[in-house]
Amino acid sequence: MSHSHFPPAQDEDAWIMKQSWQHVLFLHWPVPVSSIRERVPRPLTIDTFKGQAWLGVVAFRMTGIRLRGCPVPYPFSFPEVNVRTYVSHQQGPGVYFITLDASDPIVLNIAKWWYKLPYYRAKMQLKHKDGFLKLSSRRVTSESPSFAAHYRPLSAPYQAEKGTLEHWLTERYRFYCIAKPYVKIYCGQVFHPPWPLQSVELAQLANTLTDALGIHKPDEPVLLHYSRGVNARFSALHTYPAVFV
Numbered sequence: 179m180s181h182s183h184f185p186p187a188q189d190e191d192a193w194i195m196k197q198s199w200q201h202v203l204f205l206h207w208p209v210p211v212s213s214i215r216e217r218v219p220r221p222l223t224i225d226t227f228k229g230q231a232w233l234g235v236v237a238f239r240m241t242g243i244r245l246r247g248c249p250v251p252y253p254f255s256f257p258e259v260n261v262r263t264y265v266s267h268q269q270g271p272g273v274y275f276i277t278l279d280a281s282d283p284i285v286l287n288i289a290k291w292w293y294k295l296p297y298y299r300a301k302m303q304l305k306h307k308d309g310f311l312k313l314s315s316r317r318v319t320s321e322s323p324s325f326a327a328h329y330r331p332l333s334a335p336y337q338a339e340k341g342t343l344e345h346w347l348t349e350r351y352r353f354y355c356i357a358k359p360y361v362k363i364y365c366g367q368v369f370h371p372p373w374p375l376q377s378v379e380l381a382q383l384a385n386t387l388t389d390a391l392g393i394h395k396p397d398e399p400v401l402l403h404y405s406r407g408v409n410a411r412f413s414a415l416h417t418y419p420a421v422f423v
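Okay, structure coming up:
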């Protein structure tokens with residue numbers, strides 16, 4: 179199995195959609211493999227760094243969505259919060275999204291259908307106040323799990339060094355998903371420059387998104403990063419047989 183985090187260079191021109199992610203907050207917790215196994219389909223292997231699995235929450239603003247061949251981008255931007263972990267497959271390491279919360283119903287429904295991703299509708303805000311970015315989200319369900327963070331960058335931008343944990347967590351260029359009737363694994367490729375990371379001050383964090391999953395983790399995130407963002411391109415989904423082991 180290849181352990182390159184980068185998709186094949188010759189596939190980079192095969193993109194079908196562009197989008198930009200801005201004001202990105204990465205939060206990460208170490209978690210036991212056993213506590214996250216039931217949240218990840220068996221055809222996917224839980225990826226670990228030195229034997230440790232990781233749970234991430236990534237919050238950001240989505241903007242600049244444009245389909246290839248369409249001269250006009252989608253006119254709206256909106257916040258999004260993803261809960262994710264890290265997996266491997268025969269195609270290489272990638273991201274597995276456990277949940278994704280977004281406020282735009284049109285994009286949300288298209289992404290659920292087109293990319294087979296587990297999106298949920300949420301009421302969300304992202305605003306600047308007193309030098310901080312303030313993102314809040316509450317899912318529109320009976321349980322209403324929520325997320326709120328006040329954060330600001332502290333350091334100059336830098337790129338994570340290869341071989342480090344922060345590189346392993348952030349430089350991922352594939353995502354995997356599985357949908358009913360669970361006979362296929364879907365894999366999408368993402369193309370973007372390396373993340374410009376910064377250290378971050380987290381003035382407030384309230385998070386029940388991960389609590390609702392029943393995954394054992396530390397109370398506070400162990401690793402925190404900010405990024406001003408990247409422009410990304412997405413491939414069409416590739417499908418592979420779902421082999422349960």
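In the numbering used here, the protein residues as written are 179 to 423.
In this text, a Cβ means the ideal position worked out from N, Cα and C, and glycines have one as well.
Quick caveat: nothing in here was measured; it's all calculated off a predicted structure.
Find out if the Cβ-Cβ distance for the pair residue i, residue j is shorter than 8 Å.
i: arginine 438; j: phenylalanine 422; result: Past the boundaries of the shown model lies residue 438; the chain is included only from 179 to 423, so the question cannot be answered.
i: leucine 286; j: tyrosine 293; result: no
i: glutamine 376; j: histidine 403; result: yes
i: leucine 383; j: alanine 327; result: yes
i: serine 315; j: proline 257; result: yes
i: valine 235; j: threonine 263; result: no
i: alanine 237; j: leucine 278; result: no
Using the Cα positions of residue i and residue j, report the straight-line distance between them to the nearest angstrom.
i: proline 317; j: histidine 306; result: Before going on, a small fix: residue 317 reads as arginine here, not proline. The alpha-carbon atoms of arginine 317 and histidine 306 are separated by roughly 22 Å.
i: histidine 183; j: phenylalanine 412; result: Confidence at histidine 183 is low in this model, with a pLDDT of 46, below 50, so its placement is unreliable and no value can be given for it.
i: alanine 390; j: cysteine 365; result: 26 Å
i: alanine 289; j: leucine 295; result: 6 Å
i: valine 261; j: glycine 247; result: 31 Å
i: serine 443; j: alanine 338; result: Outside the displayed range of the chain (179 to 423) lies residue 443, so it cannot be described from this structure.
i: phenylalanine 325; j: alanine 192; result: 35 Å
i: histidine 394; j: valine 209; result: 6 Å
i: isoleucine 224; j: serine 320; result: 30 Å
Taking residue i as the reference, give the member of the options with the closest Cα.
i: proline 251; options: Asp282, Gly366, Val361, Thr241; result: Thr241
i: leucine 245; options: Trp207, Lys196, Thr277; result: Lys196
i: lysine 312; options: Leu387, Ala289, Leu380; result: Leu380
i: leucine 401; options: Ile243, Ile194, Ala192, His206; result: His206
i: arginine 215; options: Ile284, Ser266, Arg239; result: Ser266
i: glycine 341; options: Pro335, Pro253, Glu349; result: Glu349
i: serine 322; options: Leu387, Pro271, Leu347; result: Leu387
i: isoleucine 276; options: Thr417, Val259, Ser333; result: Val259
i: tryptophan 199; options: Gly229, Arg239, Pro419; result: Arg239
Residues bridged to residue i by DSSP?
i: histidine 206; result: Gly234, Leu401
i: serine 198; result: Thr241, Asn409
i: glycine 366; result: Phe353
i: phenylalanine 422; result: Answer by DSSP bridge pairing: none, since phenylalanine 422 is not bridged.
i: isoleucine 224; result: Val265
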